[in-house]
Amino acid sequence: MGPAALGRLRRLLPAAPRAPRLGRALAPSRGGQTGGGAPRARRDLYEVLGVPATATAAQIKTAYYEQSFRYHPDRNAGSAAAAARFAAVSEAYRVLGSAALRRLQAGKSFLRGDLVFRPIVVAMLLLCASAGLAVPTASSRSGFPADCSRLRKTSPSGVYVIQPARSPPVVVWCDMDTEGKGWTVVQRNTYNTEITWKESWTTYKYGFGNVQGDHWLGTEYLHLLTQQGTYKVRFIVRNKANVTHYAEYDIFSVESEASGYPLRLGRFSGDGDDYLTIYHPKKGGLHDNMKFSTTDRDQDQHSGNCASSYGGWWYDKCQNVLLNGKGYIFWPGTCSSGDCASSLILVKPTDVC
Ligand SMILES: [Ca+2]
């Protein structure tokens with residue numbers, strides 16, 4: 031589905047509601063085949079998630095969590111039907127989830143509690159029940175821990191080798207000093223970094239930099255890490271006055287390369303506003319559910335390529351926040367001109383399961 035088709039879908043979203051047809055056999059993509067054009071495709075997206083066209087952002091997100099974990103390929107090994115259903119659910123949520131937020135924002139009826147609180151708690155419980163253990167175990171093949179949370183609590187911060195499920199061993203920095211210990215560092219940047227961050231898709235895929243300094247762990251490793259359990263993420267920035275700001279999401283995953291490494295985030299907590307899962311029309315839009323873009327792979331919603339200006343990121347049109355830049359680390363309110371001194375992205379198994 032191209033950007034033009036997505037644009038048509040979004041313009042059509044406020045159309046009259048209709049009753050859902052639940053339990054019907056699903057066709058991941060039939061747009062253009064039935065003669066129905068965009069309206070038929072939009073209707074199918076709601077049906078894929080099993081929600082009515084009047085569904086709120088919270089209902090859409092809850093349905094997505096339920097279905098994506100039910101049909102996740104890791105829990106349906108070898109099932110082409112489950113894989114197709116998983117892909118269809120992911121695409122439906124990517125389109126409808128973002129559009130529902132925009133619709134709420136446009137109507138000035140943005141109910142933050144409705145969006146992220148009780149329905150998502152229910153979704154979390156369903157997610158935990160279907161996902162099994164939230165904390166991954168050590169790799170039976172190598173003996174390396176699956177992530178930094180498996181280290182002894184007395185271990186110091188430093189360089190370690192981990193091995194997420196289905197991954198080769200990976201050298202990482204384990205942060206044993208930040209609250210709760212056991213964080214795996216997936217990104218670190220400083221304003222005057224040597225790294226340009228304007229790297230290719232493949233370079234981002236496998237990572238670059240020095241884990242003792244500025245680096246990107248690798249989008250593929252982010253995917254593999256977050257597919258082996260249920261993870262949370264903490265974004266931390268420090269401004270020139272040495273004041274830190276953080277934003278945490280109690281669920282964090284990066285889906286497969288085949289789906290564009292889209293970002294999936296759960297509930298927000300932090301010491302400021304939520305710039306990743308809430309739509310900010312006067313900034314870059316929305317980051318949650320956006321695909322990853324690089325200089326050589328434009329998957330953003332902007333007419334140009336956002337990644338060409340700074341670096342790889344989950345852009346919309348283009349960014350509310352941006353940590354992958356040389357001489358530009360941007361977080362509104364903390365360093366609104368892009369002059370953050372440093373940034374850090376940490377992940378570990380979530381507490382909600
Ligand atoms: Ca673009």
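Be aware that the sequence shown starts at 31, since it is given in the working numbering, and climbs by one per residue.
C-beta: ideal position from N, C-alpha, C; glycine also.
Residue span of the alpha helix (DSSP H) that contains residue i, given as start and end
i           : result
residue 235 : 231-236
DSSP beta-bridge partners of residue i
i           : result
residue 379 : 261
residue 276 : 266
residue 219 : 373
residue 359 : 369
residue 282 : 261, 295
residue 352 : 360
residue 343 : 323
residue 86  : Beta-bridge pairing links residue 86 to no other residue.
residue 214 : 204, 377
residue 246 : 217, 238
residue 315 : 310
Proximity of residue i and residue j at Cβ, strictly below 9 Å
i           : j           : result
residue 113 : residue 101 : yes
residue 363 : residue 231 : no
residue 214 : residue 255 : yes
residue 179 : residue 379 : yes
residue 233 : residue 324 : yes
residue 305 : residue 350 : yes
residue 270 : residue 315 : no
residue 354 : residue 203 : no
residue 251 : residue 237 : yes
residue 294 : residue 286 : no
residue 216 : residue 201 : no
residue 177 : residue 210 : no
residue 292 : residue 344 : yes
residue 281 : residue 249 : no
residue 371 : residue 268 : yes
residue 108 : residue 97  : no
residue 290 : residue 329 : yes
residue 339 : residue 265 : no
residue 296 : residue 321 : no
Status (buried if at least 16 other CB within 10 Å, exposed otherwise) for residue i
i           : result
residue 242 : exposed
residue 77  : buried
residue 62  : Note that residue 62 scores 32 on pLDDT, short of 50, meaning its location in the model is unreliable and no value can be drawn from it.
residue 151 : Here residue 151 scores only 49 on pLDDT, less than 50, and its place in the model should not be relied on; the value that follows carries that caveat. Burial call: exposed.
residue 278 : buried
residue 184 : exposed
residue 312 : exposed
residue 175 : buried
residue 377 : buried
residue 273 : exposed
residue 186 : exposed
residue 366 : exposed
residue 240 : exposed
residue 375 : buried
residue 194 : buried
residue 333 : exposed
residue 182 : exposed
residue 6   : Past the edges of the chain, shown from 31 to 383, lies residue 6, and the structure says nothing about it.
residue 381 : exposed
residue 299 : exposed
residue 85  : buried
residue 336 : buried
residue 118 : buried
residue 125 : buried
residue 122 : buried
residue 357 : exposed
residue 189 : exposed
beta-carbon residue i near ligand 1 non-hydrogen atom, thresh 8 Å
i           : result
residue 178 : no
residue 332 : yes
residue 240 : no
residue 370 : no
residue 365 : no
residue 304 : no
residue 336 : yes
residue 328 : yes
Start and end residues, beta strand (DSSP E) containing residue i
i           : result
residue 298 : 298-300
residue 188 : 188-192
residue 201 : 200-205
is_contact[residue i, chain C] using C-beta, thresh 9 Å
i           : result
residue 366 : Protein chains in the displayed structure number just one, and chain C is not present.
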